[in-house]
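Worksheet: the structure to be examined is printed underneath.
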Amino acid sequence: MDLPKTMRAVAITAPGGPEVLRPVTVDRPDPGHGQILIRIAYAGVNRPDALQRAGSYAPPPTASPLPGLEAAGTVAAVGPGVSEWTVGDAVCALLPGGGYAEYAVTPAAHALPVPKGMDLREAACLSETFFTVWSNVFLRGGLRAGEVFLIHGGSSGIGTTAIQLARAFGARVFATAGSPEKCAACERLGAERAIDYRAEDFVEVLKAEGGADLILDMVGGSYLPRNVKALKDDGRLVQIAFLQGPKVELNFAEVMMRRLTITGSTLRPQSDLAKARIAASLRQHVWPLLDAGRIAPVMDSEFPLDDAATAHARMEGSAHIGKIVLRV
Ligand SMILES: NC(=O)c1ccc[n+]([C@@H]2O[C@H](COP(=O)([O-])OP(=O)(O)OC[C@H]3O[C@@H](n4cnc5c(N)ncnc54)[C@H](OP(=O)(O)O)[C@@H]3O)[C@@H](O)[C@H]2O)c1
5 MDLPKTMRAV AITAPGGPEV LRPVTVDRPD PGHGQILIRI AYAGVNRPDA
55 LQRAGSYAPP PTASPLPGLE AAGTVAAVGP GVSEWTVGDA VCALLPGGGY
105 AEYAVTPAAH ALPVPKGMDL REAACLSETF FTVWSNVFLR GGLRAGEVFL
155 IHGGSSGIGT TAIQLARAFG ARVFATAGSP EKCAACERLG AERAIDYRAE
205 DFVEVLKAEG GADLILDMVG GSYLPRNVKA LKDDGRLVQI AFLQGPKVEL
255 NFAEVMMRRL TITGSTLRPQ SDLAKARIAA SLRQHVWPLL DAGRIAPVMD
305 SEFPLDDAAT AHARMEGSAH IGKIVLRV
């Protein structure tokens, strides 16, 4: 099949608000050694895309400057050394960047099969949140069945994934969210108790349960000392973002005296090998749940690729529940 030399995409034309996202025509990428070229059907929208657009989350030097960290579609070409995929395979993949486009390249080991019975629209929304939640909550945070797990931002793309996975693996799930409607969505997904943070104090709710074994936090700021209070002795806090800011005053004596662990990670700067290992672990432990339909991404809304600016405005307005997707 002849592939076009150029493609439609959406670029960040200058650091700024959603309006800086504009349709463009650019050269189509070619897959290098160990990479596949994906003909994208749908691309997922994630909060880190908005940070990149605003100029505060630069892509790694070798990544496409176009936004977009995940997509689903079909393999259009394979680079040298790729044996696990062939042209025409339906895949969903974590991307180093470049998902807001008709074509993108990614290491072959960062792609996974589209789960049985799932359409490409849903499959496009899996990679960024499943790689992030699996690596932070289970591989780094060590969540075990029966543990009390608190998720902040429960209605976010990350939160809706974390609730379902933690439930599927037998944890007791608590989640915070910013409205009664979002709290109801968290409970429908499997949270034992959702906490409207505008009306209730999550520290009090968790203390009444004896504290959290593990907390997944994306808020930071004033939440950091409160998370420490909400943990059990020997509890673990995994930080994946700082929507309220990364600088706080914290009494580390409490961390020491109560044997707490504070850790965290970001996915994008990790090595190709580290991401390939997360993909392999997901395929072994999580893909069977997706294949069986026991968990699925929560879909909020769909926009045409050219309307990526509207998609970002919706995400930053925080009215959404679950994932926003671009139709390419
Ligand atoms: N470390 C990593 O590798 C990694 C990877 C992917 C994403 N992330 C981070 O994870 C977070 C979620 O990503 P996403 O794509 O799922 O985003 P998202 O769907 O836009 O979710 C963000 C959520 O945070 C809540 N929120 C926003 N500002 C808040 C505040 N000041 N205090 C409390 N809650 C607030 C919002 O809901 P409410 O209405 O409930 O406030 C919203 O649901 C983002 O911060 C993103 O940067 C990290």
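Going by my numbering, the first residue of the sequence shown is number 5, and it counts up by one from there. By construction, the Cβ of each residue, glycine as well, lies at the ideal position given by its N, Cα and C atoms.
**OP:** My understanding is that T180 touches G158, with C-beta atoms under 8 Å, so please give their C-beta distance in whole angstroms.
**Re:** One-based indexing of the sequence shown puts residue 180 at position 176. One-based indexing of the sequence shown puts residue 158 at position 154. T180 to G158, Cβ: 6 Å. Contact.
Subject >> Sequence-distant residues of the same chain with beta carbon closer than 6 Å to R197, five excluded per side >> reply: For the purposes of this step, residue 197 is identified with residue 193 of the sequence shown, where counting begins at 1. Taken in chain order, the residues that qualify are F178.
Original post:
If we call anything under 8 Å between Cβ atoms a contact, is L99 one with T110?
Top reply: Counting from 1 along the sequence shown, the entry for residue 99 is found at position 95. Counting from 1 along the sequence shown, the entry for residue 110 is found at position 106. Contact: yes.
**OP:** Starting from K327, trace the beta strand (DSSP E) both ways and give me its first and last residue.
**Re:** Position 323 of the sequence shown, counted from the first residue, corresponds to residue 327. Taken as a continuous stretch (DSSP letters only), the beta strand (DSSP E) holding K327 covers 327-331.
Original post:
Pairing CB atoms from the region 37-49 with CB atoms from the region 78-98, are three or more of them under 8 Å?
Top reply: yes
Original post:
Comparing the CB of N231 with every heavy atom of ligand 3, is any distance shorter than 7 Å?
Top reply: With respect to small molecules bound, the structure shown includes ligand 1 and not ligand 3.
Original post:
CA-CA distance, A257 and L228?
Top reply: Residue 257 sits at position 253 when you count from the first residue of the sequence shown. Residue 228 sits at position 224 when you count from the first residue of the sequence shown. In a straight line, the C-alpha of A257 is about 14 Å away from that of L228.
**OP:** For G163, count neighbouring Cβ atoms within 10 angstroms of its own Cβ and tell me buried if that reaches 16, exposed if not.
**Re:** Here residue 163 corresponds to residue number 159 of the sequence shown, with the count starting at 1. Per the 10 Å Cβ criterion, buried.
Subject >> Beta-carbon proximity check, L309 vs T136, cutoff 8 Å >> reply: Locating residue 309 in the sequence shown gives position 305, counting from the first residue. Locating residue 136 in the sequence shown gives position 132, counting from the first residue. Contact: no.
Original post:
In terms of residue numbering, what span does the alpha helix (DSSP H) encompassing M122 cover?
Top reply: Stepping through the sequence shown from its first residue, residue 122 is reached at position 118. Looking at the DSSP string, M122 is not in any alpha helix (DSSP H), and its letter there is neither H nor E.
**OP:** Measure the C-alpha to C-alpha separation of L193 and A300 and round it to an integer number of angstroms.
**Re:** Sequence index remark: in the sequence shown, residue 193 carries index 189 (1-based). Sequence index remark: in the sequence shown, residue 300 carries index 296 (1-based). For L193 and A300, the distance between alpha carbons rounds to 10 Å.
**OP:** Return yes when at least one heavy atom of ligand 1 lies under 7 Å from the C-beta of M222, else no.
**Re:** The residue labelled residue 222 in the question sits at position 218 within the sequence shown. Checking the Cβ of M222 against ligand 1 gives yes.
**OP:** Determine the contact status of D217 and F153, defining contact as a CB-CB distance below 8 Å.
**Re:** Numbered from its first residue, the sequence shown carries residue 217 at position 213. Numbered from its first residue, the sequence shown carries residue 153 at position 149. Yes, the Cβ-Cβ distance between D217 and F153 is below 8 Å.
Subject >> Option in A212, A234, M222, L277 with minimal Cα separation from Q248 >> reply: Within the sequence shown, numbered from 1, the residue matching residue 248 stands at position 244. Looking at the Cα atoms, M222 is the closest of the given residues.
Original post:
Would you say A315 and L294 are within 8 Å of each other, going by their C-beta atoms?
Top reply: For the purposes of this step, residue 315 is identified with residue 311 of the sequence shown, where counting begins at 1. For the purposes of this step, residue 294 is identified with residue 290 of the sequence shown, where counting begins at 1. No, they are not a contact pair.
Original post:
Helix or strand or just coil, what does DSSP make of L309?
Top reply: Here residue 309 refers to the residue found at position 305 of the sequence shown. DSSP places L309 in helix when its eight states are reduced to three.
**OP:** Could you tell me which residues DSSP pairs with P111 in its beta bridges?
**Re:** Translated into the one-based positions of the sequence shown, residue 111 becomes position 107. For P111, which the question treats as bridged, DSSP gives the partners Q39.
Original post:
According to DSSP, what are the bridge partners of L218?
Top reply: Looking up residue 218 in the sequence shown gives position 214. F153, R240, per the DSSP bridge assignment.
Subject >> Residue range of the beta strand (DSSP E) that includes T267 >> reply: As a working note, residue 267 is residue 263 in the sequence shown. Taken as a continuous stretch (DSSP letters only), the beta strand (DSSP E) holding T267 covers 265-268.
**OP:** Inspect the beta-carbon positions of A58 and G20 and report whether they are closer than 8 Å.
**Re:** On the sequence shown, residue 58 is found 54 positions in, with the first residue counted as 1. On the sequence shown, residue 20 is found 16 positions in, with the first residue counted as 1. Their beta carbons are under 8 Å apart, which means A58 touches G20 by this criterion.
Original post:
Taking C-beta to C-beta, are N50 and E106 nearer than 8 Å?
Top reply: For the purposes of this step, residue 50 is taken as residue 46 along the sequence shown, with counting starting at 1. For the purposes of this step, residue 106 is taken as residue 102 along the sequence shown, with counting starting at 1. Cβ atoms of N50 and E106: not closer than 8 Å.
**OP:** Could I get the ranges of all uninterrupted alpha helix (DSSP H) runs contained in the region 125-198, with 4 residues as the minimum, in chain order?
**Re:** 131-137, 161-172, 184-193
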